[in-house]
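Down below is the structure, laid out as structure tokens.
In the working numbering, the protein residues as written are 1 to 285.
Structure (structure tokens):
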């Protein structure tokens, strides 16, 4: 057989096989294709498109399909604006959907003001440090400030405060996707209503004496905030103060009463707390 035939014949055979396979795939693709409901695309178009993974799904496309199949809840997507959620509710035939916007907060104010068990010099972030004796902080609930939450935020809304060494959230930039909440190995990042004026900056559930030994600003469950709240919006549970935001009017009395300074103001609550403290100082003169 001539040499050129030794080259051309295999090429023709491969080309023929490729053509047969392409035809089979095309034919079977048409026959076995699953019709996709157009409403899934409508749902995805109304989602925020952040693909943040805070809902528990890899991206918005997967979350849209899960919503359509009834495998998840619309409330799990925080970045999507309320108006878009209403549109999705209508597409799904859910009726009226009310969703309150939330923002992430770090329930810790310790950082540099909390004692260290050891000085962590290793490579990595909070997750890495957590492997060694539960982290470098003497407080088992303390923020280590090693940026796991910072790296998890695609919106660059989380940073480490230079003064305290604790991670903080940019309230205006936060979409409340939940990525930082899921990433924190200490589980001290949570969500509160975006309209809230204050939050509890502590997560320590141990008794007051133990808290004093490990942190200068941890909640000691003294009860002053609970006793002083005019609306009964703040209570003590498991040695830690908790705020009921359905009752809280943002008067800042609890933040002013707290001897440890672990009830922190946010938003316009900062100015309100300054006014409360100024009024108290004037009354004492």
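From the three backbone atoms N, C-alpha and C, an ideal C-beta is built for every residue, glycine too.
Looking at the DSSP output, residue 215 sits in a beta bridge with 114.
According to the DSSP assignment, residue 272 belongs to the alpha helix (DSSP H) that extends over 269-284. Contact between residue 40 and residue 65 holds, with the beta-carbon distance rounding to 6 Å and staying under 8 Å. In this chain, the beta strand (DSSP E) harbouring residue 191 covers 189-193.
DSSP, read as helix, strand or coil, puts residue 47 in coil. Here the alpha carbon of residue 186 sits roughly 33 Å from the alpha carbon of residue 44. The beta carbons of residue 106 and residue 168 sit about 6 Å from each other, so the pair counts as a contact at 8 Å. Residue 148: member of the alpha helix (DSSP H) spanning 148-152, first to last residue. The alpha-carbon separation between residue 119 and residue 148 amounts to approximately 18 Å. Judged by beta-carbon spacing, residue 109 lies beyond the 9 Å limit of residue 213, meaning their Cβ atoms are not closer than that value. Under a 10 Å Cβ-count criterion, residue 265 is classified as buried, with 16 or more other Cβ atoms of the shown protein chains found around its own Cβ.
For residue 270 against residue 113, the beta-carbon gap comes to about 19 Å, at or over 8 Å, which does not count as contact.
For the pair residue 79 and residue 176, the CB atoms are nearer than the 9 Å cut-off.
About 20 Å separates the CB atoms of residue 234 and residue 104; that is not less than 8 Å, and the two are not in contact.
Judged by pairs of C-beta atoms under 8 Å, the segment 191-198 touches the segment 242-250, as three or more such pairs exist.
The Cβ-Cβ distance between residue 262 and residue 241 falls below 9 Å.
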